[in-house]
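Residue numbers for the sequence shown follow numbering that gives the first Met the number 0, beginning at 0 and rising by one.
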Amino acid sequence: MKNIQKYLEDNKDRFLNELFEWLRIPSVSSNPDSKDDMYKAANWAKDALLKAGADRATVYETEGHPVVYGEKIVDPNKPTVLVYGHYDVQPADPLDLWDSEPFEPVVRKTDLHPDGAIFGRGSCDDKGQAFMHFKAFEAMVANGFLPVNIKFMIEGEEEIGSPSLGKFCEDNKAMLANDVILVSDTSVIANDVPSITTGLRGLSYVEVEVVGANRDLHSGTYGGAVANPINILSEMISKLMDENRHITIPGFYEDVVEATAEERVLINEAPFNLDDYKKELDIDDVCGEKGYTTDERTGIRPSCDVNGIWGGFTGKGTKTVLPSKAYAKISMRLVANQKPKKIAKLFEEYFKSIAPDCVRIKVDYLHGGLPVMTPIDTPEYRAAENAMETTYGKKPIPTMEGGSIPIIALFEQILGSKSVLMGFGLNSDAIHSPNEHYGLFNFYKGIETIPYYFKYYSEMK
Ligand code: BES
Ligand code: MN
Ligand code: MN
Numbered sequence: 000m001k002n003i004q005k006y007l008e009d010n011k012d013r014f015l016n017e018l019f020e021w022l023r024i025p026s027v028s029s030n031p032d033s034k035d036d037m038y039k040a041a042n043w044a045k046d047a048l049l050k051a052g053a054d055r056a057t058v059y060e061t062e063g064h065p066v067v068y069g070e071k072i073v074d075p076n077k078p079t080v081l082v083y084g085h086y087d088v089q090p091a092d093p094l095d096l097w098d099s100e101p102f103e104p105v106v107r108k109t110d111l112h113p114d115g116a117i118f119g120r121g122s123c124d125d126k127g128q129a130f131m132h133f134k135a136f137e138a139m140v141a142n143g144f145l146p147v148n149i150k151f152m153i154e155g156e157e158e159i160g161s162p163s164l165g166k167f168c169e170d171n172k173a174m175l176a177n178d179v180i181l182v183s184d185t186s187v188i189a190n191d192v193p194s195i196t197t198g199l200r201g202l203s204y205v206e207v208e209v210v211g212a213n214r215d216l217h218s219g220t221y222g223g224a225v226a227n228p229i230n231i232l233s234e235m236i237s238k239l240m241d242e243n244r245h246i247t248i249p250g251f252y253e254d255v256v257e258a259t260a261e262e263r264v265l266i267n268e269a270p271f272n273l274d275d276y277k278k279e280l281d282i283d284d285v286c287g288e289k290g291y292t293t294d295e296r297t298g299i300r301p302s303c304d305v306n307g308i309w310g311g312f313t314g315k316g317t318k319t320v321l322p323s324k325a326y327a328k329i330s331m332r333l334v335a336n337q338k339p340k341k342i343a344k345l346f347e348e349y350f351k352s353i354a355p356d357c358v359r360i361k362v363d364y365l366h367g368g369l370p371v372m373t374p375i376d377t378p379e380y381r382a383a384e385n386a387m388e389t390t391y392g393k394k395p396i397p398t399m400e401g402g403s404i405p406i407i408a409l410f411e412q413i414l415g416s417k418s419v420l421m422g423f424g425l426n427s428d429a430i431h432s433p434n435e436h437y438g439l440f441n442f443y444k445g446i447e448t449i450p451y452y453f454k455y456y457s458e459m460k
């Protein structure tokens, strides 16, 4: 372990420069024009795995963006860790809100990252975090310490709901066979408060269309007499929650497993400062379901949010128009044991039931994923706990996070393996937002911690 840590120290700058190369490739999975860049980013990862010491690495075609797979099998009788990550990133827009180019990474200091942070799309979510595994692997191989087999699966469609990865897993079960899946795509509570993610919310994502007249109308000639779909859509959206911000869709909470009193105590024991939270977001107050704390609202309670709403005239100046159509994209975050398709169906039934006769409604289910709960009484979890305790000097706290990684539940169904969610980002790292960044402390701490995971895991198995 000493040699590994020295190796990491000696190669810090090179690691950073290598990551910068990957970050410069704008692999935005949702952008149809990014096809070439998706291949570039995938090939870059394949080459990086080979250079780091993989026996083999391949870019696999799928119906969507390619999957990168690599492995080093030291002994087929030893356990196998599969590292999962994603090389696709969210769109960078709105571009004018970035202080530096999203695909030209730079290091800048921030209040929470006094040693500097890498600014760039994908720096934290997830290229920066996936790359920590490449470098930890390189260090282990270079120092002749790889106590278990290691496989890497880095996909290019996580940010669009992993539409091709389920089939890829089905088709390649033997190749992907493993004892545990290790993922760094989540956060820690703070740099001096390490944590391991034991829960993620699921997701049900729908798009709604509200149609009024067969064409846009003069808002004087027809206004007040014919439905305005934007007015109606707003009315309907306001009926999705009651005054306690409890979701009103009938049956929505039917499958929710309520946390026990003990579990709720535990959740609220995690360090959390509401004033700091408000200050960081520049808000005067938080806003959520009555009767629950902020950590409960994001960790164990479902939510419903309009992600975007459009229609009518939004250009400069004015246009007196009564629009024919209005749209909204609506996501619902789910907790155990809610099912994405069932929730989408309940949403559709309710949404149609509250629509007045003067409009027609269409609801499309776009994608979804199941919530995740990982056990903490397993060698897989304890290895992560010990690893973080070693490098942070503090025992990490199990936490439930509000984000989603839909493929994790599928891994369990298809490959039969549990995941360990050992992420190193901060919630304030602005993933999906302008100025996404990843602390140098976090990047190097991750690389330092991962080899200990392998050490403890191999000792416990
Ligand atoms: N890495 C995130 C998920 C995440 C973020 C987990 C923060 C825990 C803390 C992932 O890349 C992501 O953004 N997932 C999407 C899934 C969706 C596009 C299907 C999400 O949560 O919106
Ligand atoms: Mn991610
Ligand atoms: Mn993401």
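Virtual Cβ for every residue (Gly too), placed ideally from N, Cα, C.
Since the model is a prediction, treat every value here as computed from it, not as a measurement.
Residue environment for D376: exposed (fewer than 16 other C-beta atoms within 10 angstroms of its C-beta). Secondary structure at W309: strand, using DSSP grouped into helix, strand and coil.
P31 and G155 have their C-alpha atoms roughly 13 Å apart. DSSP lists V182 and T196 as the bridge partner or partners of L420. Listed in chain order, the non-local C-beta contacts of Y221 below 8 Å within the same chain comprise A212 and L321, local neighbours out to five positions each way being set aside. Beta-bridge pairing by DSSP links G438 to A116.
In this structure, the CA atom of T61 is about 16 Å from the CA atom of L175.
Distances between the C-beta of T185 and the heavy atoms of ligand 1 include at least one below 6 Å. About 30 Å separates the Cβ atoms of L7 and A91, ruling out a contact at the 8 Å cut-off.
As computed with DSSP, Y221 is found in no beta bridge at all. If you measure from each CB to the nearest heavy atom of ligand 3, the residues under 6 Å come out as Q89, D124, E158, I430 and H431.
Runs of the alpha helix (DSSP H) spanning 4 or more residues and lying entirely within the region 322 to 388 occur at 339 to 352, in chain order.
For S28, the three-state secondary structure derived from DSSP is coil. Per the DSSP secondary-structure output, H85 pairs in a beta bridge with E154.
Taking C-beta separations shorter than 6 Å and ignoring five residues to either side along the sequence, the partners of P433 in its chain run L96 and W97, following chain order. When distances are taken from the beta-carbon of E400 to the heavy atoms of ligand 1, the shortest one is below 6 Å. Here L333 is near G201, since their CB atoms are less than 7 Å apart. For K277, the enclosing alpha helix (DSSP H) begins and ends at L273 to L280. Considered as a whole, the region 213 to 265 harbours no complete run of any beta strand (DSSP E) with no fewer than 3 residues.
Sequence-distant Cβ neighbours of E388 in its own chain, meaning closer than 6 Å and more than five residues away, are K394.
CA-to-CA, the gap between R120 and V88 works out to about 7 Å. Residue pairing from DSSP places R107 in a beta bridge opposite A116. When DSSP states are grouped into helix, strand and coil, N426 belongs to the helix group.
In the same chain as G392, and ignoring 5 residues on each side of it, no C-beta atom comes closer than 8 Å to its own. Taking 6 Å as the cut-off, the C-beta of I404 counts as close to a heavy atom of ligand 1. The beta carbon of I188 sits closer than 7 Å to the beta carbons of S194, A269, P270, I396 and T398 from its chain, once the five residues preceding and following it are set aside; these are given in chain order. For the pair E169 and I413, the CB atoms are nearer than the 7 Å cut-off. With respect to the 7 Å criterion, S186 and L22 are not classified as neighbours on the basis of their beta carbons. Look at the beta carbons and you see the region 361 to 378 not touching the region 432 to 448: under three pairs across the two are nearer than 8 Å.
A distance below 7 Å between beta-carbons, with the five flanking residues on each side excluded, links K444 to the following residues of its chain, in chain order: T390 and F423. Judged by pairs of C-beta atoms under 8 Å, the region 299 to 308 touches the region 333 to 343, as three or more such pairs exist.
DSSP places Y59 within a strand segment (E or B) once states are collapsed to three.
If you look at M0, you'll find it isn't in any beta strand (DSSP E); DSSP assigns it neither H nor E.
A distance below 7 Å separates the beta carbons of C357 and A226.
At a Cβ-Cβ threshold of 7 Å, K150 and E206 do not count as neighbours. The beta carbons of N230 and S416 sit no closer together than 7 Å.
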